[in-house]
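For reference, the structure is listed below as structure tokens.
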Amino acid sequence: MRDAIREIRLASALVEAADTLDEGFESTRYLQRMSDHCVELLNAWAAGVMLIDGGRSVALAASSRHEDVALELLAAQHGGGPCVDSYGTGKPVPPVSIRVAHASARWPDFTERALRHDIVTTYAVPLRRRENLLGALNVFVPTLPDNPPADVAPELHIAQALADAAALGLQNRRTCDQYRTLSGQLQEALSSRVRIEQAKGMLAERWNVRADQAFVALRQYARRHQLPLDRVASAVIEGLADDAELGRELEGNADGPA
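Numbering (the numbering used here), first residue to last: 19 to 276.
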């Protein structure tokens, strides 16, 4: 029954991890929720996520439980730690005794701080989407594993499943944001083109000249005043442009007004 409840909770957490496309999405809160699920499912003391870009930590998020300490332990890994190792290899770091690691001078800054907070064991898994590594998930445990390392695979598998789901959710969100940005840029470019064509037509009709002549005058005016062409076109449409000065740009054309 206990395993069945954990499976249901894991399934619910994985579904939540996929939900990253709503308007109110906030990455830090999202990663905190994933860390909270990790604590609940793995009976951990705390958990946290380190996002890494170009080998440098760019964001930290931790579980609601012991959040301040978890953030401190993540930040202490600038000189090395489970997250850095997992990200560097793209593989999980199995449960490690903090005292053993400290005695062997492995991750000295990190283990020193972990001992102060009575952390006994830690392990980490990479946040990855195929070959794309985004960071690592770190789990902090107040006890040593009851079983040999070979028997703790279920915990690592659950942590890795959550990390993989979070990586997929984050990557989907980034892709969505990129498409939205591109869509906005294309829409603005189209709107700008429409405004320029409208202004060109208005000037051509007003001056009784060809549309290409009106466009040259419009462009020369924009260059002379170091203004975006779209801004000048908008001023023409709104009746705010200096028509006399615009007309002087036309006078320089070989084919003046008809």
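Where is the CB? At the ideal position from N, CA and C, for every residue including glycine.
Since the structure is predicted, the reported quantities are computational estimates derived from the model, not experimental observations.
In the DSSP assignment, residue 118 is bridged to no other residue. Residue 194 counts as exposed, since fewer than 16 other beta carbons sit within 10 angstroms of its beta carbon. Closest by C-alpha distance to residue 79, out of 51, 102 and 104, is 51. Ranked by how close their Cα comes to the Cα of residue 77, the residues 97, 46, 94 and 85 have 46 in first place.
Comparing alpha-carbon positions, the option among 69, 111 and 257 lying closest to residue 224 turns out to be 257. Taking C-beta atoms as the reference points, residue 191 and residue 43 count as a pair closer than 8 Å. Nearest to residue 107 by C-alpha distance, out of 143, 97 and 90, is 143.
With respect to residue 67, residue 39 sits apart: the two C-beta atoms are not nearer than 8 Å.
Three or more beta-carbon pairs separated by less than 8 Å are not found between the stretch 176 to 187 and the stretch 96 to 103, which leaves the two stretches without contact. In this chain, the alpha helix (DSSP H) harbouring residue 107 covers 100 to 107.
Going by C-alpha positions, residue 229 is about 12 Å away from residue 268. Nearest C-alpha to residue 149 among 266, 109 and 122: 109. Annotation: residue 56 to residue 200 spans about 35 Å, alpha carbon to alpha carbon. In this structure, the beta-carbon distance from residue 93 to residue 158 does not fall below 8 Å.
At the C-beta level, residue 240 and residue 247 come within 8 Å of one another. Approximately 16 Å separates the beta-carbon atoms of residue 155 and residue 132; this is outside 8 Å, ruling out the contact. Counting only unbroken stretches of 3 or more residues, the beta strand (DSSP E) elements lying wholly within the stretch 128 to 174 are 139 to 147 and 150 to 159, in sequence order. When secondary structure is reduced to three states using DSSP, residue 195 falls in the helix class. Here residue 75 is bridged, per DSSP, to 70.
By the C-beta density criterion, residue 23 is exposed, having fewer than 16 other C-beta atoms within 10 angstroms. Note: residue 65 is bridge-paired with 157 in the DSSP secondary-structure output. Ranked by Cα distance from residue 135, the first of 122, 111 and 89 is 89. Counting every other CB atom within 10 Å of its CB across the protein chains shown gives residue 204 a total below 16, marking it as exposed. Between residue 235 and residue 221, the gap from beta carbon to beta carbon is short of 8 Å. Exposed is the label assigned to residue 26, since fewer than 16 other Cβ atoms lie within 10 Å of its Cβ.
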